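Reading through the structure tokens given below for one structure.
In the working numbering, the protein residues as written are 6 to 278.
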């Protein structure tokens with residue numbers, strides 16, 4: 006955990022994320038890359054009519070000053086922070102920044118979204134989660150010290166989740182947190198008997214290479230089951246795999262990982278599978 010990206014939009018939510026990132030960076034001697042994406046589009050930057058190049062330079066310089074002022078925080082004094090400004094607000098570009106700087110984690114603040122806005126627009130957090138190839142930690146509230154002791158990781162025990170589980174275990178180890186795995190059993194076509202679940206657990210443990218203690222929690226849907234299990238477990242952090250589906254596939258199928266990240270009050274870290 007040496008390089009952490011924090012998207013900055015100058016909101017209280019990005020300040021919350023930055024403070025959590027600072028707590029993580031200080032414990033791991035990591036560098037924070039504070040990323041601000043301007044609203045400038047390519048047409049504005051390349052236009053020769055009605056918009057002069059010096060205006061573009063002025064807006065970029067203004068953003069640099071504003072970002073510098075925003076990063077003047079006492080909680081950043083003991084960590085290394087590198088400001089980055091990109092011209093476009095393209096969420097897939099965060100993945101490229103992460104790749105360029107060999108980032109291990111994205112920490113992002115969010116208020117979440119719901120209702121029609123969530124269906125037709127989606128939150129910025131969802132877009133980042135959907136595009137990111139590295140873990141994304143979503144922070145909803147102000148946390149002066151981020152030191153989770155109980156982490157819940159929910160998955161359907163399929164083989165495709167094993168890499169996500171291993172990364173969740175790595176993050177739990179960083180904080181010396183207890184990692185609790187849970188399988189959410191729901192009614193309807195997805196319901197499994199005790200014997201069927203035990204068979205899935207045995208297969209999962211066999212592929213992992215060692216026995217893993219996995220809780221079984223029954224609820225009406227997976228998202229609510231995860232949130233309820235986290236509550237009764239006194240969890241400080243929720244881990245979730247996500248497929249990062251896009252376009253029509255995402256609209257009709259959705260992603261439980263994104264939904265949990267969007268609706269949970271607790272910090273949520275997602276792992277793309």
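Even glycine gets a Cβ: it sits at the ideal position worked out from N, Cα and C.
The structure presented is a predicted model; accordingly, all values stated were derived computationally and were not measured.
Could you tell me which uninterrupted alpha helix (DSSP H) segments, each at least 4 residues in length, are contained entirely in the segment 196-259, listed from first to last along the chain? For the segment 196-259, whole alpha helix (DSSP H) runs of length 4 or above, ordered along the chain, are 199-213, 227-237 and 252-258.
What is the residue span of the beta strand (DSSP E) that residue 76 lies within? Following the DSSP letters along the chain, one finds residue 76 in no beta strand (DSSP E), marked with neither H nor E.
Can you check whether the CB of residue 222 is closer than 8 angstroms to the CB of residue 190? Taking 8 angstroms as the cut-off, the Cβ atoms of residue 190 and residue 222 count as close.
Taking the C-alpha atoms as reference points, what is the distance between residue 172 and residue 139? Those two C-alpha atoms are separated by around 10 angstroms.
Going by CA-CA distance only, name the one from 177, 16 and 6 that's closest to residue 147. Nearest option by C-alpha distance: 16.
Who pairs with residue 146 in a beta bridge, going by DSSP? Residue pairing from DSSP leaves residue 146 without any beta-bridge partner.
Residues that residue 69 bridges to, as DSSP identifies them: Partner(s): none; residue 69 has no beta bridge.
Assess contact between the segment 84-93 and the segment 33-42, defined as three or more Cβ pairs (one per stretch) separated by less than 8 angstroms. Is contact present? With a cut-off of 8 angstroms, the segment 33-42 and the segment 84-93 count as touching, because enough Cβ pairs lie within range.
By the 10 Å Cβ neighbour count, where 16 or more other Cβ atoms means buried, how is residue 152 classified, buried or exposed? So residue 152 ends up on the exposed side.
DSSP three-state assignment for residue 151, whether helix, strand or coil: In this structure, residue 151 counts as coil in the three-state DSSP scheme.
Is there contact between the segment 177-185 and the segment 151-167, where contact requires at least three CB pairs shorter than 8 angstroms? Segments in contact, yes.
Would you kindly work out how many angstroms separate the C-alpha atoms of residue 269 and residue 59, rounded to a whole number? Rounded to the nearest angstrom, the two C-alpha atoms are 44 angstroms apart.
Closest Cα partner of residue 239 within the set 272, 227, 194 and 141: For the residues 272, 227, 194 and 141, the minimum Cα distance to residue 239 belongs to 272.
Residue 82 by DSSP, collapsed to three states: which one? Coil, per DSSP.
If you pair each beta-carbon of the segment 199-206 with each one of the segment 174-183, do three or more pairs fall below 8 angstroms? By the Cβ test, the segment 199-206 is not in contact with the segment 174-183, since fewer than three Cβ pairs between them sit closer than 8 angstroms.
Measure how close the beta-carbons of residue 90 and residue 41 come, nearest whole angstrom, since I'm counting them as under 8 angstroms. Yes, residue 90 and residue 41 are in contact; Cβ-Cβ is about 5 angstroms, under 8 angstroms.
Local conformation of residue 263 per DSSP, three classes: Looking at residue 263 - three-state DSSP - the assignment turns out to be helix.
Suppose you measure from the CA of residue 21 to the CA of residue 28; what does that come to, to the nearest Å? Roughly 11 angstroms between the two C-alpha positions.
Buried versus exposed, by CB contacts within 10 Å (16 or more), residue 136: Burial is judged here by how many other beta carbons sit within 10 angstroms of a residue's own beta carbon; residue 136 has at least 16 and is buried.
Endpoints, the beta strand (DSSP E) within which residue 274 is located: Per DSSP, the continuous beta strand (DSSP E) segment holding residue 274 begins and ends at 273-277.
Is it buried or exposed for residue 276, if we count other Cβ within 10 angstroms and need 16 for buried? Counting other Cβ atoms within 10 Å of its Cβ, residue 276 reaches 16 or more and is therefore classed as buried.
Identify which residue in 76, 92 and 38 has its Cα closest to the Cα of residue 64. With distances taken between Cα atoms, residue 64 lies closest to 92.
According to DSSP, residues forming a beta bridge with residue 183: Within the DSSP bridge table, the entry for residue 183 names 155 as partners.
In chain order, what residues of the same chain have a beta carbon less than 7 angstroms from the beta carbon of residue 130, not counting five sequence neighbours either side? Cβ within range, chain order: 113, 115, 143, 266 and 267.
Can you name the residues that DSSP bridges to residue 42? According to DSSP, residue 42 bridges with 91.
To the nearest angstrom, report how far apart residue 101 and residue 110 are at their CA atoms. Taking the straight line joining both Cα atoms gives about 13 angstroms.
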